[in-house]
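2 protein chains.
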Amino acid sequence: MNAIVPPLSGMACDACAIRNRAICADLRADELDILNRLGRRRRLRGGEQLLWEGEEAVLVANVVDGVLKLSTQTGDGKEQILGLAYHSDFLGRPFGETTPYGVEALTDATVCVFQQRDFDQFARTHPRLEHKLLERTLAELDRTRRWMLLLGRMNAEQKLAHFLLELADSLDQTCSKTQDAHVAFNLPLSRQQIADVLGLTIETVSRQLTRMRKEGLIDLPARRKVTILQHRALEDRAGMAVQNG
Amino acid sequence: MNAIVPPLSGMACDACAIRNRAICADLRADELDILNRLGRRRRLRGGEQLLWEGEEAVLVANVVDGVLKLSTQTGDGKEQILGLAYHSDFLGRPFGETTPYGVEALTDATVCVFQQRDFDQFARTHPRLEHKLLERTLAELDRTRRWMLLLGRMNAEQKLAHFLLELADSLDQTCSKTQDAHVAFNLPLSRQQIADVLGLTIETVSRQLTRMRKEGLIDLPARRKVTILQHRALEDRAGMAVQNG
DNA sequence: CGTGGCGTTGAACTACGTCAATGCATGTGG
DNA sequence: CCACATGCATTGACGTAGTTCAACGCCACG
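Quick mapping for you: the protein sequence lines, in order, are chains A and B.
In terms of UniProt numbering, the first sequence is numbered consecutively and its last residue is 245.
In terms of UniProt numbering, the second sequence is numbered consecutively and its last residue is 245.
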């Protein structure tokens, strides 16, 4: 009865990696089928831009895999990254005029994109989807507010420690846990991008990382690789490191 | 047919000051009547706490009037104010376990509170309300992200300028516009609280304010009063002040 | 008229930013 | 395989915005 139309460029929602984690969780098969036809998969290369800050809001999307950054700019061109988006995160601004932030893929990524117009209409007529979206937005608001604390009240060391811990956590599908709770992962961001996330400069990021390395908290086997050696100690630094004499 | 049960401690939604601005806008009379019976008005004195960070999420609320602060704390007890809530803003965490931030009234305030459980259930069965809540949450997320830019990338002068302009804007019901676009209003926050909002110290706030006063941008007729004398100039400072020699 | 909160002001310190040199990979062309 | 160019990362030296510490002023309130 359904699914004769080729959905999502040949990739059905049923088989989607984030089927049960994204906002499309809880949808019935027939609803999913409709959504299936509205959206399409899109592969992004690292560095590719999906949404531009201030443009008309024409697209919304779900992250299937990869890491993307949400960012905005100050009057004088300094960038502030507003957050990172991982698998099953939602991107874009439904029910709004303009996209409030730019979205760029940091790694190669897959997203499931919708015309905002179509998506809005579908959402308005499918309360279960809208409810999912609401829950996700509320959670995102919580997450964003926790970042405010980081930006407003933490020093460079705490910021870096937090950043590494959160990244390790968000990536734990990808990263390999060796014995002794060592966690190794690939950094999806350059030093400059880390600086933009944390409201620091590239030099401060670099200095803090090498300091943590020298202190044995982490290892930096390559530019884009990090290993967390002392998870607990790193948590202490994130919490409130008092570096007295 | 409806409204025999005394609603909201004798105050019906129909007559509510924020009837058409809060999430209850767009509700039909009969829906509103149900909501009416679920909620109750509560008056708060300045300084009174409505929600505590980390507690079980039992209440949600709408701000009717007054100014409240949302805040969280670092491990070492420093406070970061996550935002201010004005009339028709929504407070609390529906569909969640714990309240992610503390809420305290800065001025005397009136709120319309609901048991989270009741509210959640009503929302889930009334898509129009849930849609309103979604729109509001999305807007709040946008607003929060703009604050991140402020916290992460602005200097003290810009932060203060932004703060005063936003406050003047949010309070424009209350504040008196004299000729020459002068805007006078009462500060709902102490210097310490302003510092907590902006991620600064009380001394820096004080110094910046007196500097702006000396430069003729604002006047400070009393501790808790501000007059904006040169609105445009203040906007320039907020945007990107290059203070060269 | 004292007492206790805020707020302001000053002086010294410091974490981070800025500027500039150097290091270290990866790629390209001889 | 080497020379060298290019782009990111590291490291150092120095400057400064904002913090910290401390004294003092102002005003409300008993």
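Note that the Cβ used here is the ideal one computed from N, Cα and C, for glycine as well.
Bear in mind the structure is a predicted one, so any value in this text is a computation, not a measurement.
What residues from chain A crowd round residue i, counting only those whose CB sits closer than 9 angstroms?
i      : result
B/H131 : F95, A123, R124, P127, E130 and L134
B/T74  : L149, R153, M154, Q158, G239 and M240
For residue i, name the three-state secondary structure that DSSP assigns.
i      : result
B/V242 : Here the model assigns B/V242 a pLDDT of 37, short of 50, so the residue's position is not dependable and the matter cannot be decided.
B/K69  : strand
B/M1   : Bear in mind that the predicted position of B/M1 carries a pLDDT of just 48, short of 50, making it unreliable; the figure below should be weighed with that in mind. B/M1: coil per DSSP, three-state reduction.
B/L165 : helix
B/Q179 : Bear in mind that the predicted position of B/Q179 carries a pLDDT of just 46, short of 50, making it too unreliable to give a figure here.
B/D76  : coil
A/V113 : strand
A/F90  : strand
A/P221 : strand
A/N36  : helix
B/L171 : coil
B/V58  : coil
A/E48  : coil
A/I228 : strand
B/G102 : strand
Any beta carbon from chain B within less than 8 angstroms of residue i's own beta carbon?
i      : result
A/Q179 : For A/Q179, the predicted model reports a pLDDT of 46, less than 50, meaning its position is unreliable and no value from the coordinates is stated.
A/G199 : yes
A/T137 : yes
Taking its Cβ as the centre, do 16 or more other Cβ atoms sit within 10 Å of residue i, making it buried, or is it exposed?
i                      : result
A/Q145                 : The amino acid at residue 145 of chain A is misidentified as Gln; the sequence shows Arg. It is buried - the Cβ of A/R145 has at least 16 other Cβ atoms within 10 Å.
B/P100                 : buried
A/Q179                 : With a pLDDT of 46 at A/Q179, under the threshold of 50, the predicted position of this residue should be treated as unreliable, and no value is reported.
A/K69                  : buried
A/T210                 : exposed
A/Q121                 : exposed
residue 306 of chain A : Past the boundaries of the shown model lies residue 306 of chain A; chain A is included only from 1 to 245, so the question cannot be answered.
A/D196                 : buried
A/E55                  : exposed
B/D94                  : Looking at the sequence provided, one finds Pro at residue 94 of chain B rather than Asp. Flag for B/P94 reads buried.
Using 8 angstroms as the limit for Cβ to Cβ distance, is residue i near chain A?
i      : result
B/G92  : no
B/W147 : yes
B/T144 : yes
B/A233 : no
B/L229 : no
B/N244 : Bear in mind that a pLDDT of 31 at B/N244, under 50, signals an unreliable position, so the model cannot answer this.
Is residue j closer than 8 angstroms to residue i when the C-beta atoms are compared?
i      : j      : result
B/H162 : B/I228 : no
A/W52  : A/G102 : yes
B/G77  : B/L151 : no
A/H126 : A/E31  : yes
B/T74  : A/R153 : yes
B/C112 : B/N62  : yes
A/E130 : B/H231 : no
A/V67  : A/T107 : yes
A/E48  : A/A105 : yes
B/L165 : A/T72  : no
B/V60  : B/L91  : yes
A/V226 : A/L171 : no
A/L217 : A/L234 : yes
B/R136 : B/I23  : yes
A/L160 : A/Q208 : yes
A/A109 : A/L38  : no
B/L134 : A/L134 : yes
B/R128 : B/D26  : yes
B/R41  : B/S88  : no
B/T204 : B/A156 : yes
Are there any heavy atoms of the ligand GTP lying less than 7 angstroms away from the beta-carbon of residue i, as far as the coordinates show?
i     : result
B/L70 : What this structure holds is no ligand at all, so the ligand GTP is not there to describe.
Which chain B residues are close to residue i, counting only those with a beta carbon under 7 angstroms from its beta carbon?
i      : result
A/E140 : L141
A/L82  : R145 and M148
A/P100 : D142 and R145
Using a Cβ cut-off of 7 angstroms, pull out every chain A residue sitting near residue i, in sequence order please.
i     : result
B/K78 : R153
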